[in-house]
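Numbering (our numbering), first residue to last: 514 to 624. Ideal Cβ positions, reconstructed from N, Cα and C, are used throughout, including at glycine. See structure below.
Structure representation (structure tokens):
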């Protein structure tokens with residue numbers, strides 16, 4: 514996925530949210546009213562949280578695969594288990610970051 518496709522997805526999501534608020538003009542070529550700074554911040558926080566959760570899941574999957582590889586290849590088991598432990602630590606770190614940077618759910622933005 515290149516950056517243009519990713520940008521189009523973000524634009525589509527923001528437009529859909531504008532539709533839900535009833536802020537659409539009905540014309541495809543007319544840009545929507547800009548989102549407030551707090552809405553943009555919440556979107557960015559949610560995107561970052563989702564990225565961290567996704568990363569944690571990927572590290573968990575990698576750790577499982579490495580643990581399976583350790584059972585299949587006993588001569589390399591120690592190295593596979595060390596790598597699996599690193600992936601588990603990275604997954605834990607990603608989950609902590611996701612928790613730390615979760616949206617504030619209605620709390621006012623800090624100055």
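{"Query": "Following the continuous alpha helix (DSSP H) through residue 614, name the residue where it begins and the one where it ends.", "Result": "Premise fails: residue 614 is in no alpha helix (DSSP H) and is neither H nor E."}
{"Query": "What first and last residue would you give for the alpha helix (DSSP H) that runs through residue 549?", "Result": "Residue 549 -> no alpha helix (DSSP H), and no H or E assigned at all."}
{"Query": "Determine the closest residue to residue 568 out of 603, 594, 612, with distance taken between C-alpha atoms.", "Result": "603"}
{"Query": "Are the CB atoms of residue 561 and residue 614 within a distance shorter than 8 Å?", "Result": "yes"}
{"Query": "Is the Cβ-Cβ distance between residue 566 and residue 597 less than 8 Å?", "Result": "no"}
{"Query": "How big is the Cα-Cα spacing for residue 576 and residue 551?", "Result": "37 Å"}
{"Query": "When you compare only the Cα positions, how much space is there between residue 564 and residue 593?", "Result": "26 Å"}
{"Query": "Can you find the residues in the same chain that come closer than 6 Å, C-beta to C-beta, to residue 579, ignoring five residues on each side of it along the sequence?", "Result": "593, 596, 597"}
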